[in-house]
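Visitor: Note that this note's numbering has the sequence shown beginning at 259, numbered continuously upward.
Idealized CB from N, CA, C, for every residue including glycine.
If you're wondering where the values come from, they're calculated on a predicted model, not measured in any experiment.
The structure is given below, and queries will be raised subsequently.
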Amino acid sequence: MQRKIIIVLAVILLLIAALYSGVCMLSSQDDMHPDTDKAKLCYIPILSTPGEIELIPGLRFRVDTGSDLSTITESDLALLDSLGFSVKKKWYPVVGRDGGGKYNFNLRRYTVDLPLIKYDIKTDSLGKKYGVGRLKDATVLRNVDFAPSTSGISVLGIDFLEKFKLEYDFTNRAIALYQADPDTAYLTCAELYTSKSPLQMPMLGKRYLLDLKAAGYEGRFFIDSGIKDARVKMPASQVEMVHKADIVNDTVVTALGSFAAKVYNRAVVSIGDRVGLGNVYFYDSREEDFAINPFNLFLQNVLIDFPERKVKLFPIYQKNKTIPDLVSGISLID
Numbered sequence: 259m260q261r262k263i264i265i266v267l268a269v270i271l272l273l274i275a276a277l278y279s280g281v282c283m284l285s286s287q288d289d290m291h292p293d294t295d296k297a298k299l300c301y302i303p304i305l306s307t308p309g310e311i312e313l314i315p316g317l318r319f320r321v322d323t324g325s326d327l328s329t330i331t332e333s334d335l336a337l338l339d340s341l342g343f344s345v346k347k348k349w350y351p352v353v354g355r356d357g358g359g360k361y362n363f364n365l366r367r368y369t370v371d372l373p374l375i376k377y378d379i380k381t382d383s384l385g386k387k388y389g390v391g392r393l394k395d396a397t398v399l400r401n402v403d404f405a406p407s408t409s410g411i412s413v414l415g416i417d418f419l420e421k422f423k424l425e426y427d428f429t430n431r432a433i434a435l436y437q438a439d440p441d442t443a444y445l446t447c448a449e450l451y452t453s454k455s456p457l458q459m460p461m462l463g464k465r466y467l468l469d470l471k472a473a474g475y476e477g478r479f480f481i482d483s484g485i486k487d488a489r490v491k492m493p494a495s496q497v498e499m500v501h502k503a504d505i506v507n508d509t510v511v512t513a514l515g516s517f518a519a520k521v522y523n524r525a526v527v528s529i530g531d532r533v534g535l536g537n538v539y540f541y542d543s544r545e546e547d548f549a550i551n552p553f554n555l556f557l558q559n560v561l562i563d564f565p566e567r568k569v570k571l572f573p574i575y576q577k578n579k580t581i582p583d584l585v586s587g588i589s590l591i592d
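Structure below.
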């Protein structure tokens, strides 16, 4: 009897191991490719915080390095289809945390073609910036994989973003995607690392981290562009490392809810050989304890080179005293 139990348990363990191995072999964006060999694929202004962009008017995506997978809503699929872009439904298991912070398991996904436009940033008579582009000049990115959205928003997750070199233009609050190095004098500031956790391996995308020092703490911070307000996020217990007189109370609103936070606005933050002052939000949530939002942290242009696993900055930093306003909107012309 005992031998039978051992055999049954061994078979169950083998089945679990086989299932785990099978899930780990799932992939995303394997067939994605642009219809051009140009290095720069798009230049698109960020329209809100956290970083949301509109590829074309009405087609809005959150750019979220904290989401394991890319998701798309039914309405965005319908818009793409109405404009003549390919939309195909497939049966394929999808596993990962989505832009709403929830774990998503789905047996279907969509493979679509996306227009990527290089918008020109212009200024109106009131001094507000806006983007203007041409759909006929768009690069078409073929065979982009998306899971169905369960959060009501479409997301470009890390399974998509890690295929590119992602540039953040601080002056115009815009992002650009490159498939080869941009023709600018970027220098490596820090290395990128990926999580080795067995719990992460079944997810479609990797989780990227960098070494950072902030408010007396040194360690690896998760790169999460889905954080709304904070430049640096740390757990509530770490607030004991800073002067209480310099702390203010705040509330952080995330996809997982609202959380009471302590904010330290004069923290010394250093990455590689770069040092500056920034805010640190101390709060506990069901997300990573230590994280940074690159769109909030860097007050200058930055290139997050996922393929080479490097963060790159210009060799000289021209200090800006104020953070530029977000672009007010985009439009298309003939």
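In chain order, what residues of the same chain lie with their CB nearer than 6 Å to the CB of N523, ignoring the 5 residues before and after it?
Guide: As a first step, residue 523 must be located in the sequence shown, where it is residue number 265. Contacts found: N537.
Visitor: Could you give the DSSP three-state label for A336: helix, strand or coil?
Guide: Taking the first residue of the sequence shown as 1, we reach residue 336 at position 78. A336 falls in the helix class under three-state DSSP.
Visitor: Contact check, Y541 vs A494 under 8 Å by CB: the rounded distance?
Guide: Mapped onto the sequence shown, residue 541 falls at position 283. Mapped onto the sequence shown, residue 494 falls at position 236. Confirmed, about 6 Å.
Visitor: Whole angstroms is fine: what's the gap from Y377's alpha carbon to S333's?
Guide: Taking the first residue of the sequence shown as 1, we reach residue 377 at position 119. Taking the first residue of the sequence shown as 1, we reach residue 333 at position 75. Rounded to whole angstroms, Y377 to S333 spans 24 Å at the Cα level.
Visitor: If you drop the 5 nearest sequence neighbours on each side, which residues of the same chain put their C-beta closer than 6 Å to that of V506?
Guide: Against the sequence shown, residue 506 aligns to sequence position 248. Taken in chain order, the residues that qualify are V521.
Visitor: Would P552 and Y426 qualify as a contact pair, given that the criterion is a beta-carbon distance under 8 Å?
Guide: One-based indexing of the sequence shown puts residue 552 at position 294. One-based indexing of the sequence shown puts residue 426 at position 168. Yes, these two residues count as a Cβ contact at 8 Å.
Visitor: Are the segment 382 to 391 and the segment 411 to 429 in contact at 8 Å, needing three or more beta carbon pairs?
Guide: Touching, no, given that fewer than three Cβ pairs across the two stretches are closer than 8 Å.
Visitor: If we count the other Cβ atoms within 10 Å of its Cβ and call it buried at 16 or more, is I330 buried or exposed?
Guide: In the sequence shown, the residue the question calls residue 330 occupies position 72. Classification for I330: buried.
Visitor: A336: which of K347, S328, R355 sits nearest, CA to CA?
Guide: Within the sequence shown, numbered from 1, the residue matching residue 336 stands at position 78. The option with the nearest alpha carbon to A336 is K347.
Visitor: Under three-state DSSP, which class holds V569?
Guide: Residue numbering aside, residue 569 sits at position 311 when the sequence shown is read from its first letter. Three-state result, V569: strand.
Visitor: Count the other C-beta atoms from every protein chain shown that fall within 10 angstroms of the C-beta of P582, then say buried if there are 16 or more, exposed otherwise.
Guide: Here residue 582 corresponds to residue number 324 of the sequence shown, with the count starting at 1. Answer is exposed; the Cβ neighbour count stays below 16.
Visitor: Quick check: the Cα distance between N554 and R400, rounded to an integer number of angstroms?
Guide: Along the sequence shown, one-based indexing puts residue 554 at 296. Along the sequence shown, one-based indexing puts residue 400 at 142. Cα to Cα, N554 sits roughly 30 Å from R400.
Visitor: In angstroms with no decimal places, state the Cα-to-Cα distance between G410 and G309.
Guide: Within the sequence shown, the letter at position 152 stands for residue 410. Within the sequence shown, the letter at position 51 stands for residue 309. So the two alpha carbons sit approximately 16 Å from each other.
Visitor: Going by DSSP, name the residue or residues bridged to M492.
Guide: Start at 1 with the first residue of the sequence shown, and residue 492 comes out as number 234. According to DSSP, which records beta bridges pairwise, M492 is partnered with F540.
Visitor: Tell me where the alpha helix (DSSP H) around P552 begins and ends.
Guide: Taking the sequence shown and counting its residues from 1, one reaches residue 552 at position 294. It spans 552 to 555 - the alpha helix (DSSP H) in which P552 sits, taken as one unbroken run.
Visitor: Measure the alpha-carbon distance for E498 versus D592 and round it to whole angstroms.
Guide: Translated into positions along the sequence shown, residue 498 becomes position 240. Translated into positions along the sequence shown, residue 592 becomes position 334. In a straight line, the C-alpha of E498 is about 57 Å away from that of D592.
Visitor: Does the separation of the CB atoms of D356 and S306 fall below 8 Å?
Guide: On the sequence shown, position 98 is the one that residue 356 refers to. On the sequence shown, position 48 is the one that residue 306 refers to. No. Outside cutoff.
Visitor: List, from N- to C-terminal side, the beta strand (DSSP E) runs of 3 residues or more that fit wholly inside the segment 378 to 430.
Guide: List check, beta strand (DSSP E) in window: 378 to 381, 387 to 391, 397 to 406, 423 to 427.
Visitor: Following the continuous beta strand (DSSP E) through L450, name the residue where it begins and the one where it ends.
Guide: Start at 1 with the first residue of the sequence shown, and residue 450 comes out as number 192. L450 -> no beta strand (DSSP E), and no H or E assigned at all.
Visitor: Return the CA-CA distance between L512 and S453, expressed in angstroms with no decimal places.
Guide: Position 254 of the sequence shown, counted from the start, is the residue given in the question as residue 512. Position 195 of the sequence shown, counted from the start, is the residue given in the question as residue 453. According to the sequence displayed, residue 512 carries Thr and not Leu. Going from the Cα of T512 to the Cα of S453 covers about 23 Å.
Visitor: Given a threshold of 16 other Cβ atoms within 10 Å of its Cβ, counted over all protein chains shown, does Y361 qualify as buried or as exposed?
Guide: Position 103 of the sequence shown, counting from 1, holds the residue named residue 361. By the 10 Å Cβ count, Y361 comes out exposed.
Visitor: With a threshold of 7 Å on Cβ separation, who are the neighbours of I481 within its own chain once the five nearest residues in sequence on each side are excluded?
Guide: Locating residue 481 in the sequence shown gives position 223, counting from the first residue. Excluding residues within five positions, the ones whose Cβ falls inside 7 Å are T323, Y466, L467, L468, I550, P552.
Visitor: DSSP three-state call for D504: helix, strand or coil?
Guide: Here residue 504 refers to the residue found at position 246 when the sequence shown is read from its first residue. Of the three classes helix, strand and coil, the one that applies to D504 here is helix, per DSSP.
Visitor: So V402 and L365 are in contact, right, with Cβ under 8 Å, and what is the actual spacing, rounded?
Guide: Locating residue 402 in the sequence shown gives position 144, counting from the first residue. Locating residue 365 in the sequence shown gives position 107, counting from the first residue. Contact doesn't hold; Cβ gap of about 19 Å is too wide.
Visitor: I'd like to check one pair, F548 with G477: are the Cβ atoms closer than 8 Å?
Guide: Here residue 477 refers to the residue found at position 219 of the sequence shown. Here residue 548 refers to the residue found at position 290 of the sequence shown. Contact: yes.
Visitor: How far does the beta strand (DSSP E) with D469 in it extend, from its first residue to its last?
Guide: Looking up residue 469 in the sequence shown gives position 211. Note, D469: beta strand (DSSP E), 466 to 472.
Visitor: Considering only C-alpha positions, which residue in the set I485, F428, V533 is nearest to L584?
Guide: Mapped onto the sequence shown, residue 584 falls at position 326. Nearest C-alpha to L584: F428.
Visitor: Please state whether DSSP places E545 in a helix, a strand or coil.
Guide: Stepping through the sequence shown from its first residue, residue 545 is reached at position 287. The answer is coil: DSSP assigns E545 none of H, G, I, E or B.
Visitor: Please classify D289: is it buried, with 16 or more other beta-carbons within 10 angstroms of its beta-carbon, or exposed?
Guide: Here residue 289 refers to the residue found at position 31 of the sequence shown. With fewer than 16 Cβ atoms within 10 Å of its Cβ, D289 is classed as exposed.
Visitor: What is the DSSP secondary structure of V497, counted as helix, strand or coil?
Guide: Translated into positions along the sequence shown, residue 497 becomes position 239. DSSP places V497 in helix when its eight states are reduced to three.
Visitor: Would you tell me roughly how many angstroms separate the C-alpha atoms of Q496 and Y350, rounded to the nearest one?
Guide: By 1-based counting over the sequence shown, the position of residue 496 is 238. By 1-based counting over the sequence shown, the position of residue 350 is 92. For Q496 and Y350, the distance between alpha carbons rounds to 42 Å.
Visitor: So, at 8 Å on beta carbons, what are the nonlocal neighbours of V500 in its own chain, with the 5 sequence-adjacent residues on each side left out?
Guide: Translated into the one-based positions of the sequence shown, residue 500 becomes position 242. Same-chain partners within the cutoff: A473, G474, Y522, A525, V538.
Visitor: Which one or two residues does DSSP pair with V526 in a beta bridge?
Guide: Taking the first residue of the sequence shown as 1, we reach residue 526 at position 268. Partner(s): L535.
Visitor: Hey, how far is the Cα of P406 from the Cα of Q260?
Guide: Translated into the one-based positions of the sequence shown, residue 406 becomes position 148. Translated into the one-based positions of the sequence shown, residue 260 becomes position 2. Distance between the alpha carbons of P406 and Q260: 46 Å.
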